[in-house]
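Trainee:
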Amino acid sequence: MGHIPPYKYLLLICILLFTAMSESLSSDRRTYIIHMDKSAMPSTFSTHHDWYISTLSSLSSADDGMSPTHLYSYKHAFNGFSAVLTKAQLEELESLPSHVATFPESRGHLHTTRTPKFLGLNKHVGLWPTSKFGNDIIIGVLDSGIWPESESFNDKNMPPVPSRWRGVCESGTDFNASYCNKKLIGARKFSEGMKQQGLNISNTDDYDSPRDFMGHGTHTSSTAAGSPVQKADYFGYAKGTAIGIAPLARIAMYKVLFFGSDLKSYDAAATDVLAGMDQAIEDGVDVLSLSLGFIETPFYENPIAIGAFAAIKKGIFVACSAGNGGPHGYTMLNGAPWLTTVGAGTVDRLLGARVTIGNDVVTVIGKSVYPENLFLSEIPVYFGQGNRSKEICEVNAINPKDVEGKIIFCDHDVESNVFAQASVLDFKGMVGAIFSSNDGEFFRVHDFNLPFVIVNTKDGYLLKNSILNSSGNLNVSVTFGITLIGIKPAPKVAYFSSRGPDIRSPWILKPDLLAPGRDILAAWVPNRGFAPIGDNDYLQTDYALVSGTSMSCPHVAGIAALLKAIHPDWSPAAIRSAMMTTAYVLDNTRGRIIDMTTGVAGTPLDFGAGHIDPNKAMDPGLVYDMVPEDYINYLCAMNYTGEQIQTIVGTTNYTCQYASLDLNYPSFIVILNKTNTTTTSFKRLLTNVADTVNSSYQAVIEVPMGMKASLQPPILSFTGLFSTAEFELTVEVDLMEIDSVTPQSDSIGNYGFLSWYEVNGTHVVRSPIVSATASPKT
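Residue numbers for the sequence shown, in mature numbering (1 follows the signal peptide of the UniProt record, and there is no 0): -26 to -1, 1 to 752.
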């Protein structure tokens, strides 16, 4: 450090002492939220604010002469105020009989769009930093195009485009090559097939270019690999930093979805999809994300199945959405076993509004995504006459004059539902509504076009009692734009998520995985109205909340990019296996993941192997690996003709080494026959991908009543990296015994697990075992 002269040394000591004393004095003053007894206000004050100010003024000054500093007075959400106080001033305040409680100030931090944190991704440890955030991995997205000006596609601090990239940026309507950069490295459109079916782009609002008119492609691509964007939100909801799952990965957009005024919908032609996938393979993508699907047909007629087979032969991982046909079974799309098929789950976040009612200050938070940062203060509440709650929310039972200028409260009624009750908001002059129902979670963002909030029936009971016990007119205040995290239970299987088995290929469990797909915030097109408000108006937004398996698919594509960055030698099957065998099946209450529709535990036919866990997938220990020839043998066992198989595999140079429906898959599904008992044997091969010289794994089988399972051998040994070991699992299902325990659905769904535990290690390799019928019961 060098020699310090004595006078400078003394000066430094003085500075340090002065700084320490200043910090000591200033640290004695802190911000507090003070809860006061509202009823204790003396009659001499006209407002509570005046009372709070007077109370603070009565406190002693601090030793440094500083008086208390008033910050806010709270009227509706809270009874009290906030202020900056010394410890002595606080103690003096707390000695007052009107004081109820003190809450020290806490600091709120901006959150992400929630799903990266919900998935456990952390910039300091785990999959993100190990994979260098997906640096130089290229994700090809087949969708409705992209809005290149979005901040989610800025290339700040990104390295040059990988030299292996062979794609281009096409020019077209409102789009030119200069829009591409080091983040968005390619953009093409494929519309010829749609044009042949009557699409005349020049006569529609869509763009004859890679530019996104719909918003869907912008949303999915930014979910998979969007750059970080601070202070993103949807009209105050879900505020935080929007960031893709693989934020340093590159994006290549292949526009295959178009809107046609004659077609009156967004559609993709099979020819265009195949052309897009073909070009993506040629351009050099590492991962493909397809949040679209065709009606389930034989694989040789399905463009996605065909294109994806060509992709996996090149080592390209392909993620596809499972479809939004749930909650019924046999609604799966994209069921080919070489695809990774993704269902949709919820996250631990509530988007809502705060309701404060009555002099008792009953405050609850319910579901709402009304797109205005609105605060309805002290509005009269309407609840009919006395206890007649059954009819007051029926359209024909309300006199518009009775509700003009008021907020209506609708109590839950088993003979009606909240969807029907919401129609009462059509009455002009009504300010808003509060519905008491447990169906709030089923409402979509677009359902909240008017200022209403749905509280659960437990909280609705509190509000109802407050109203009924009031002696006169009662007012209510509603604050929209509230976001709560840590909601339990989560995840749940979203009601719309398509369920298995796959009707064309029931011998492989689908979906493979669950990933976030409910109310996902990501980039949107800013030139079109998105958020409905009133009857016919739509507000524009840069970031939108959208739900669907379309949203869960790019989450898995992004995670695949991260895994591929760490393990470039892993096959698509190995990456999928790592995701599946490390997925979790317990929610944040430590109970089995719930089916959102039924409210009870789901099955692997709903959630596949479980909800994806990115950090654990990075180091799975063992994988169930496959090569294209394995899938060919599967096709042979499906009794496809030679011509049909050639259509899928893209060559005549193939052989059926052995026909088998028993793929080396990370899950087991028993297809029940027409007898009471079905027995199925599965042969599997596990590959060690952990960097250990010698390791062994002990099997643990958990099956329910009505299912029996045996395994040989029960212990597997591995001699080093990429060493392999075989085992055989035999499962017997007794349908009579199952039915005696619990009634089953059309698809059955009785299930258990096979888990391989590393001896003296940490790896656990888990696979679901589930029974199902090959087709719906009639």
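For glycine and all other residues, C-beta sits at the position ideal for the given N, C-alpha and C. Being a predicted model, the structure only gives us computed values, none of them experimental.
#1: By DSSP, does residue 824 sit in helix, in strand, or in coil?
#2: Given Leu101, which residues of its chain have a CB within under 7 Å of its CB, disregarding the five upstream and five downstream residues?
#3: Could you name the residues of the same chain whose beta carbon sits closer than 6 Å to that of Tyr274, not counting the 5 residues immediately before and after it, in chain order?
#4: Please list the terminal residues of the continuous alpha helix (DSSP H) segment that includes Phe393.
#5: Would you call Lys466 buried or exposed, if buried means 16 or more other Cβ atoms sit within 10 Å of its Cβ?
#6: What do you reckon, are the CB atoms on Gly532 and Ala216 nearer than 8 Å?
#7: Use the C-beta contact count for Ile743: other C-beta atoms within 10 angstroms, 16 or more gives buried, fewer gives exposed.
#8: Report the residue from Ser472, Val574, Pro546 and Leu695 whose alpha carbon sits nearest the alpha carbon of Pro640.
#9: In terms of alpha-carbon separation, which member of Leu424, Val452 and Pro425 lies closest to Leu437?
#10: Short check: CB of Arg418 to CB of Arg88, under 8 Å?
#11: Out of Asp182, Thr178 and Thr271, point me to the one whose CA is closest to Lys229's CA.
#12: Taking C-beta to C-beta, are Tyr208 and Leu424 nearer than 8 Å?
#13: Quick check: the stretch 275 to 287 against the stretch 445 to 465, are at least 3 beta-carbon pairs closer than 8 Å?
#14: So who's on the other strand from Met227, going by DSSP bridges?
#15: How about Gly379 and Val405: are their beta carbons less than 8 Å apart?
#16: Below 8 Å, how does it come out for the stretch 103 to 116 and the stretch 217 to 226: are there three or more Cβ pairs, yes or no?
#17: Following the continuous alpha helix (DSSP H) through Gln253, name the residue where it begins and the one where it ends.
#18: Going by alpha carbons, who is nearest to Arg658 out of Ile675, Leu685, Ala664 and Ser669?
#19: Are the stretch 463 to 478 and the stretch 289 to 305 touching by the rule of at least three beta carbon pairs closer than 8 Å?
#20: Throw me the rounded Cβ distance for the Met306 and Asp476 pair, which I believe falls under 8 Å.
#21: Output the distance between the C-alpha atoms of Pro184 and Gly584, rounded to the nearest integer angstrom.
#22: To which residues does DSSP link Ser410 through a beta bridge?
#23: Among all the DSSP beta bridges, which residues are the ones paired with Leu264?
#24: So, using beta-carbon positions, are Val707 and Thr652 closer together than 8 Å?
#25: Have a look at the DSSP bridge pairing and note the partners of Tyr628.
#26: Using only alpha-carbon positions, find the residue among Ile712, Gly735 and Tyr731 that is nearest to Asn724.
#27: When you compare each of Val530, Phe55, Leu325 and Phe422 to Asp509 by their alpha carbons, which one comes out closest?
#28: Tell me whether Glu352 is buried or exposed, calling it buried when 16 or more other Cβ atoms sit within 10 Å of its Cβ.
#29: From Asp260 to Ser342, what distance separates their C-alpha atoms?
#30: Does the Cβ-Cβ distance between Tyr6 and Leu64 come in under 8 Å?
#31: Classify Glu676: buried if its beta carbon has 16 or more other beta carbons within 10 angstroms, exposed otherwise.
#32: Using the DSSP secondary-structure output, state which residues sit across from Met10 in a beta bridge.
#33: Closest by CA to Lys163, which one among Phe149, Gln171 and Ser72?
#34: Thinking just about the alpha-carbon of each residue, which of Pro602, Phe291, Ser13 and Leu519 is nearest to the one in Lys213?
#35: Would you mind sorting Leu262 into buried or exposed? The rule is 16 or more other CB atoms within 10 Å of its CB.
#36: Check the DSSP bridge columns for Arg566 and list the partner residues they point to.
Mentor: On the basis of the data shown:
#1: The shown model of the chain, from -26 to 752, leaves out residue 824, and the question about it has no answer.
#2: Within the sequence shown, numbered from 1, the residue matching residue 101 stands at position 127. Closer than 7 Å at the Cβ level, and outside the excluded window around Leu101, lie Leu95, Leu536, Pro588, Asn589 and Met592.
#3: The sequence position of residue 274 within the sequence shown is 300, counting from 1. Cβ neighbours of Tyr274 beyond the five flanking positions: Gln618, Thr621 and Ile622.
#4: The sequence position of residue 393 within the sequence shown is 419, counting from 1. Segment Val392 to Gln395, the alpha helix (DSSP H) holding Phe393.
#5: Within the sequence shown, residue 466 is the residue found at index 492, counting from 1. Classification for Lys466: buried.
#6: The residue given as residue 532 occupies position 558 in the sequence shown. The residue given as residue 216 occupies position 242 in the sequence shown. Going by C-beta atoms, Gly532 is not nearer than 8 Å to Ala216.
#7: Here residue 743 is taken as the residue at index 769 of the sequence shown, counted from 1. Burial state of Ile743 is buried, judged by a 10 Å Cβ sphere holding 16 or more other Cβ atoms.
#8: For this step, residue 640 is matched to residue 666 along the sequence shown. It is Pro546 whose Cα lies nearest to the Cα of Pro640.
#9: Counting from 1 along the sequence shown, the entry for residue 437 is found at position 463. The candidate whose alpha carbon is nearest that of Leu437 is Val452.
#10: Within the sequence shown, numbered from 1, the residue matching residue 418 stands at position 444. Within the sequence shown, numbered from 1, the residue matching residue 88 stands at position 114. In this structure, Arg88 does not lie closer than 8 Å to Arg418 by Cβ.
#11: The residue you call residue 229 lines up with position 255 of the sequence shown. Nearest option by C-alpha distance: Asp182.
#12: On the sequence shown, residue 208 is found 234 positions in, with the first residue counted as 1. On the sequence shown, residue 424 is found 450 positions in, with the first residue counted as 1. No, these two residues do not count as a Cβ contact at 8 Å.
#13: Too few Cβ pairs lie closer than 8 Å, so no.
#14: Here residue 227 is taken as the residue at index 253 of the sequence shown, counted from 1. Bridge partners of Met227: Val115 and Ala161.
#15: Within the sequence shown, numbered from 1, the residue matching residue 379 stands at position 405. Within the sequence shown, numbered from 1, the residue matching residue 405 stands at position 431. With contacts defined as CB atoms closer than 8 Å, Gly379 and Val405 qualify as a contacting pair.
#16: yes
#17: Mapped onto the sequence shown, residue 253 falls at position 279. Segment Ala244 to Asp257, the alpha helix (DSSP H) holding Gln253.
#18: For the purposes of this step, residue 658 is identified with residue 684 of the sequence shown, where counting begins at 1. For Arg658, the nearest C-alpha among the options comes from Leu685.
#19: Judged by Cβ distances under 8 Å, the stretch 463 to 478 makes contact with the stretch 289 to 305, as three or more pairs qualify.
#20: Taking the sequence shown and counting its residues from 1, one reaches residue 306 at position 332. Taking the sequence shown and counting its residues from 1, one reaches residue 476 at position 502. Right, their Cβ atoms sit about 4 Å apart.
#21: Taking the sequence shown and counting its residues from 1, the one referred to as residue 184 is at position 210. Taking the sequence shown and counting its residues from 1, the one referred to as residue 584 is at position 610. Using only the alpha carbons, I get a separation of about 35 Å.
#22: The residue labelled residue 410 in the question sits at position 436 within the sequence shown. BP columns for Ser410 point to Val429.
#23: Here residue 264 refers to the residue found at position 290 of the sequence shown. Answer is Leu116 and Cys294, bridged to Leu264.
#24: Numbered from its first residue, the sequence shown carries residue 707 at position 733. Numbered from its first residue, the sequence shown carries residue 652 at position 678. It is a contact, given that the beta carbons lie within the stated cut-off.
#25: By 1-based counting over the sequence shown, the position of residue 628 is 654. Per DSSP, none; premise fails for Tyr628.
#26: Within the sequence shown, numbered from 1, the residue matching residue 724 stands at position 750. Minimum Cα distance to Asn724 is reached at Ile712.
#27: Your numbering for residue 509 matches position 535 in the sequence shown. When each option's Cα is compared against that of Asp509, the closest is Phe422.
#28: Taking the first residue of the sequence shown as 1, we reach residue 352 at position 378. The residue is exposed, with fewer than 16 neighbouring Cβ atoms inside 10 Å.
#29: Mapped onto the sequence shown, residue 260 falls at position 286. Mapped onto the sequence shown, residue 342 falls at position 368. One C-alpha to the other measures close to 39 Å.
#30: Taking the first residue of the sequence shown as position 1, residue 6 is located at position 32. Taking the first residue of the sequence shown as position 1, residue 64 is located at position 90. Yes, the Cβ-Cβ distance between Tyr6 and Leu64 is below 8 Å.
#31: The count along the sequence shown starts at 1 and reaches residue 676 at position 702. Label assigned to Glu676: exposed.
#32: One-based indexing of the sequence shown puts residue 10 at position 36. DSSP output for Met10 lists His73 as bridge partner(s).
#33: Counting from 1 along the sequence shown, the entry for residue 163 is found at position 189. Of the candidates Phe149, Gln171 and Ser72, the one whose C-alpha sits nearest the C-alpha of Lys163 is Phe149.
#34: In the sequence shown, the residue the question calls residue 213 occupies position 239. Comparing Cα positions, the closest option is Leu519.
#35: Here the question's residue 262 lines up with position 288 in the sequence shown. With 16 or more other Cβ atoms within 10 Å, it is buried.
#36: The residue you call residue 566 lines up with position 592 of the sequence shown. In DSSP, Arg566 forms a bridge with Leu560.
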